Amino acid sequence: MDITVNILLTIATAATPLLVAAIGELVVERSGVLNLGVEGMMIMGAVAGFGAGYLTGSPWLGLLAAIVVGALFSLLFAFMTLTLATNQVATGLSLTLLGLGVSGMLGTGFVGLPGQRLPNLYIPVLSDLPVVGKLLFGQDPVFYISILLTLGVAWFLFRTRTGLTLRSIGDSHGSAHALGIHVIRYRYLAVLFGGGCAGLAGGQLSLVYTPQWVENMSAGRGWIALALVVFASWRPLRALAGAYIFGLIWIGQLHVQAIDLQQFTGAPWLLYKTIELLKSLPSQYLAMLPYLATVVVLVLISRNKRLTMMNTPASLGQPFVPDR
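Per my numbering, residue 6 is the first one in the sequence shown, and the count goes up by one each step.
Dropping the structure here:
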């Protein structure tokens, strides 16, 4: 039972940065902006979070720094695409390359240094309950922030007037502008929110998941977060489910590599043969599983055009220049 609880805890920890980054990007895309720079903002948040936490001795200040740096980095993207009306795809890819390069340069002096880790929540009695105690009342703070963000964004988008306005901009920025809505202002705020979420996701990597700095430690999670938005068809609660599915795949392949096959001698034949097959694969193939799953999911979704178009913002990726 302890092993099962520990595996579930690691799945939640692995899913949290994916969920936070995906929720931020979901809001950005709901406004009609396609920001492919999530990976770059995440890695900048990771190095900023680790650096601030190490220099100040406070992981909370590190987390705050990660959010601020992610948001500031997103402002560069917003200025280029919203004010200068550059191509959103090219600018987002450039932002990712810039983030990977700058983070590697800034983090050179932090390699190998011990980091500050955010403490897990502890509630007397509740955290000591068997099984559910650690799972529900003993997680790190970013886990609870991710759940609150998901519920808050779902409420904001579908239960508030401002959320309706944001969605209307994503569906038809020309019509929204004709009604007197300040399209650029809304999109700036959406991009800023998405950048803060990506920075928070990066901070979780360097302050919770592995409290240290390793160059390129985001390891493609930003791209998986982008795929999650499409997988969820731009719905926050579906993004929550998708993040934990990908978290299961991410952690599952690590546990399969370390598992002892003899422990499953008495297990059902199909389960035993599946584990035996996975154990026989080189570790590099198992490490590919999260990215392979991302590609497979996108291919399956793209085959169903009705599902793809059902919630896709109609103005997604289209530049907007006010005519008056």
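Positions of the beta carbon are idealized from the N, C-alpha and C atoms, including for glycine.
Fair warning: this is a prediction, and the values are worked out from it, not measured in the lab.
Residue interval of the alpha helix (DSSP H) (run including residue i)
i, result
"T167", "R166 to D176"
"E44", "V43 to T61"
"S211", "Unbroken run through S211: none, as it is neither H nor E."
"F115", "Where F115 is concerned, there is no enclosing alpha helix (DSSP H), given that its DSSP letter is neither H nor E."
"A292", "S288 to A292"
"R226", "R226 to F236"
"I72", "P64 to A83"
"L141", "V137 to F142"
The ligand COA heavy atom lying under 7 Å from the CB of residue i
i, result
"L294", "For the ligand COA, the structure offers nothing, since it holds no ligand at all."
Cβ-Cβ separation, residue j to residue i (assumed contact under 8 Å), whole Å
i, j, result
"G45", "A70", "That belief does not hold up - the Cβ atoms of G45 and A70 are roughly 16 Å apart, past 8 Å."
"G200", "A76", "4 Å"
"G322", "A19", "About 29 Å; that fails the 8 Å criterion."
"F78", "G109", "Actually they are not in contact, since the Cβ atoms of F78 and G109 sit about 15 Å apart, beyond 8 Å."
"V302", "G204", "Actually they are not in contact, since the Cβ atoms of V302 and G204 sit about 25 Å apart, beyond 8 Å."
Burial state of residue i (16 or more Cβ within 10 Å)
i, result
"M222", "buried"
"G42", "buried"
"E30", "buried"
"K5", "The structure shown has nothing for residue 5, since the chain only spans 6 to 329."
Three-pair Cβ contact test at 8 Å for the region 209 to 224 versus the region 126 to 136: no
Stretch-stretch touch, CB-based, cutoff 8 Å, three pairs: the region 245 to 252 with the region 29 to 40: no
contact_flag[the region 72 to 88, the region 188 to 197] where n(CB pairs < 8 Å) is 3 or more: yes
Cβ contact (3+ pairs, closer than 8 Å) linking the region 220 to 240 and the region 312 to 326: yes
The region 116 to 123 contacting the region 48 to 66, beta-carbon criterion three pairs below 8 Å: Yes, since at least three Cβ pairs between the region 116 to 123 and the region 48 to 66 fall closer than 8 Å, the two stretches touch.
Contact between the region 170 to 188 and the region 142 to 157 (3+ Cβ pairs under 8 Å): no
Inter-stretch contact at 8 Å, needing at least 3 Cβ pairs: the region 179 to 190 / the region 10 to 30: Too few Cβ pairs lie closer than 8 Å, so no.
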